[in-house]
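What follows is a set of notes on a single structure, which appears directly below.
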Amino acid sequence: MVTPFLDDAKAIAPEITELRHAIHREPEVGLDLPLTQGKVLAALDGLPLEITCGRALSSVTAVLRGRGAGGGAAGSPGGTVLLRGDMDALPVAERTGVPYTSQTDGVMHACGHDLHTAMLVGAARLLSARRDDLPGNVIFMFQPGEEGAGGAKLMIEEGVLDAAGERPVAAFALHVGSGLLPFGLTASRPGPVLAAADTLRVTVRGRGGHGAQPHMAADPIPVACEMVTALQTMVTRRFDVFDPVVLTVGTFHAGTADNVIPDTAAFVTTVRTFSAQARDAVRDAAPNLVRQLAAAHGLSADADFVDGYPVTVNDNAETDFAAGAVGAVLGAHRYLTVPNPLTGSEDFSYVLEQVPGAFVMLGACPPDADPATAPYNHSAEAVFDDGALADGVALYAELAARRLAADN
Ligand SMILES: [Zn+2]
Ligand SMILES: [Zn+2]
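Converting from the sequence shown to my numbering requires adding 8 to each position, the first position being numbered 1.
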């Protein structure tokens, strides 16, 4: 059963656009998104879905049980595919000037998750309408807390991967961009597609004193400075240039006055890696380097490596499959294999650690803007074009239906 969903998606585009605007007007941040959850539940009402809501977060998990050939008797599983759409906004004060602009001060859907939510609702509608042709199950994963709160991990802990009674054979997520990609172009790559983003927190502990008598004190500032440069040396000397590590000291604080040696100096570093191997190695090497440098100068250092999101790794076969789905529903010229991963990160990585799948980007830059200069995701001026909605709805639906058909 493979049917082009684009016409169906265009037919419901006005309602999906209205839903997207309603979500955009009332953005919510983090794990608790009651207004957004309410809109999703209302939009799914009446569809033949098994719906459960999260406990630790305001997620919505909806399962559609197909009844198509290959799926056996009604309701019996014939393979399951998971589709993820994230729902949370960002603490950004919107400056787009769009008519459906945020009505909540200081909060904005600046990463386009309002589009993902609306697209996933649209796909649930299209696939529900073709339930009798669908040879398996679809899990619709409406996820809060992508922007740092790890909502995907919590949903996994609450059982989203087992919502249909069996593990999904594949999982897919779409992500819109307000720039970079031209409108309507999709992009992905096999293997690592987004970075792991971890944090190294360091406090160098010395002994304060008079700035004119450093030998009577234990000055943490020069030692902390040495650590900053030593960490960069570590990156270039101890890591493979083809499996890169990006390490940026983003804050550095010490001291109160020119003639006072402080007790401590502290800095915080973001660490981006693109493989589990490099991540494990830097998790070990960076805190060791810092502690041993402190010891070499007769000081001590607290070094905490705090895990963020893992590397987002696309499965090779599922990425090929997704490219084929784009070709079927939008045309092969609308798919681009990007040469390098992006240095951002995503908690869909937790899903892809357990289920093979693919994360696919979708260009939603306004067609009259230049994607090279258009304000990008997380900008207060980022505009995501409604024209991408029908494409996203159709692609989500196609990914699920086509993947189930491939397995039956
Ligand atoms: Zn984001
Ligand atoms: Zn995002």
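No residue lacks a Cβ here, since even glycine has one placed at the ideal position from N, Cα and C.
None of the values given here were measured: they were computed from a predicted structure.
DSSP-derived helix/strand/coil call for residue i
i, result
"MET9", "With a pLDDT of 45 at MET9, under the threshold of 50, the modelled position of that residue is not reliable, and no figure is offered here."
"CYS233", "helix"
"ALA82", "Caution is warranted here: a pLDDT of 45 is assigned to ALA82, below 50, making its placement in the model unreliable, and no coordinate value can be reported."
"GLU165", "helix"
"GLN221", "coil"
"GLY153", "coil"
"ASP141", "helix"
"GLY365", "strand"
"ALA238", "helix"
"ARG103", "coil"
"ASP170", "helix"
"THR109", "coil"
"THR320", "strand"
"GLY159", "helix"
"VAL243", "helix"
"ALA390", "coil"
"ALA226", "strand"
Start-to-end residues for the alpha helix (DSSP H) that takes in residue i
i, result
"GLU23", "14 to 33"
"LEU128", "121 to 137"
"ASP328", "324 to 337"
"ASP399", "396 to 414"
"ASN296", "284 to 304"
"TYR358", "356 to 360"
Near ligand 1: residue i beta-carbon under 7 Å from a heavy atom
i, result
"HIS124", "no"
"HIS261", "no"
"HIS117", "no"
"GLU155", "yes"
"ASN385", "yes"
Residue i: CB within 7 Å of a non-hydrogen atom of ligand 2
i, result
"CYS233", "no"
"HIS183", "yes"
"ASP355", "no"
"ASP378", "no"
"HIS32", "no"
Cβ pair residue i, residue j closer than 8 Å
i, j, result
"ILE269", "PRO222", "yes"
"TYR317", "ASP355", "yes"
"VAL146", "VAL48", "no"
"ALA309", "PHE13", "no"
"LEU2", "GLY74", "Since the first and last residues shown for the chain are 9 and 416, residue 2 lies out of range."
"GLY216", "PHE150", "no"
"GLU426", "ALA178", "Nothing can be reported for residue 426, as the shown portion of the chain is limited to 9 through 416."
"MET422", "PRO152", "This structure does not reach residue 422, given that the chain is present from 9 up to 416, and the question cannot be answered."
"ALA30", "ALA390", "no"
"VAL71", "LEU57", "yes"
Residue interval of the beta strand (DSSP E) (run including residue i)
i, result
"THR44", "Per DSSP, THR44 belongs to no beta strand (DSSP E); it is in the alpha helix (DSSP H), 42 to 52."
"VAL115", "VAL115 -> no beta strand (DSSP E), and no H or E assigned at all."
"VAL346", "VAL346 -> no beta strand (DSSP E), and no H or E assigned at all."
"PRO418", "A query on residue 418 cannot be resolved here, the shown segment of the chain reaching from 9 to 416 and no further."
"ARG75", "Note, ARG75: premise wrong, no beta strand (DSSP E); not H, not E."
"ALA262", "253 to 262"
"ALA419", "Residue 419 falls outside the range modelled here, since the chain spans only 9 to 416, and no answer is possible."
"VAL184", "178 to 185"
"CYS61", "57 to 61"
"LEU90", "88 to 94"
"PHE191", "Counting along the chain, PHE191 falls outside any beta strand (DSSP E), and DSSP gives it neither H nor E."
Between the segment 196 to 211 and the segment 276 to 283, can you find at least three pairs of beta-carbon atoms closer than 8 Å? yes
Three or more C-beta pairs closer than 8 Å, one from the segment 361 to 373 and one from the segment 106 to 118: is that the case here? no
Determine contact between the segment 182 to 189 and the segment 377 to 390, defined as no fewer than three beta-carbon pairs at a distance below 8 Å. yes
Three CB pairs or more closer than 8 Å across the segment 52 to 70 and the segment 165 to 183: yes
Touching by the beta-carbon criterion (3+ pairs, under 8 Å), the segment 194 to 203 and the segment 321 to 337: yes
Decide yes or no for the touch test of the segment 218 to 235 against the segment 292 to 308: beta carbon pairs closer than 8 Å, at least 3 of them. yes
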